[in-house]
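In what follows, a structure is listed as structure tokens, so that the remarks can point back to it.
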Amino acid sequence: MNMVQSAIVSRELRYTSPEGTTLVGYLAMPEPAKGTLAGVVICPEWWGVTEYPKQRADELAAQGYAALAIDVYGDAKVTEQAAQANEWMSELTSNQNLLMQRAKAGLDALAAQPQVDPDKLAAIACELTL
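Residue numbers for the sequence shown follow the numbering used here, beginning at 1 and rising by one.
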């Protein structure tokens, strides 16, 4: 059972996908962390890692989890333009293997954090369905 904690720490987390793309997620954790934490990967909306998935990560961190909003587009791409988001998402959904590799890279990056228990991981989606 996780204790509710209000203080959190957050930062960018850079990691690399199997095909070599630099991915930039948003990592939030309770501060101070007591022992190892269960981890939650947050798959963002089609806009990218915007304020909404960051807020979800912060909320989970405040509840005692390590949370990572993952970058599925690469290079921290975000947009407010639906046409651009649709183009990026179409590229990924036409190559499900690439999408899954990038999601797995995020999961692995979270699991590799020393504060995270790699046997206690979960994933949620804001909108993007894996």
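Built from N, CA and C at the ideal position, the CB exists for glycine as well.
query: Is Arg102 near Leu110, with beta carbons less than 9 Å apart?; result: no
query: Would you tell me roughly how many angstroms separate the C-alpha atoms of Gly25 and Gly35, rounded to the nearest one?; result: 23 Å
query: Mapping DSSP to helix, strand and coil, what is Asp117?; result: strand
query: What number of angstroms, rounded off, separates the C-alpha of Asp119 from the C-alpha of Gln81?; result: 38 Å
query: I believe Lys77 touches Trp88 by the beta-carbon criterion, under 8 Å. Please report the beta-carbon distance rounded to the nearest angstrom.; result: 7 Å
query: Taking the straight line between their C-alpha atoms, what separation do you get for Asn2 and Gln96?; result: Below a pLDDT of 50, predicted positions are generally treated as unreliable, and Asn2, at 47, falls in that range; the measurement from the model is reported next regardless. Looking at the two C-alpha atoms, the distance is approximately 34 Å.
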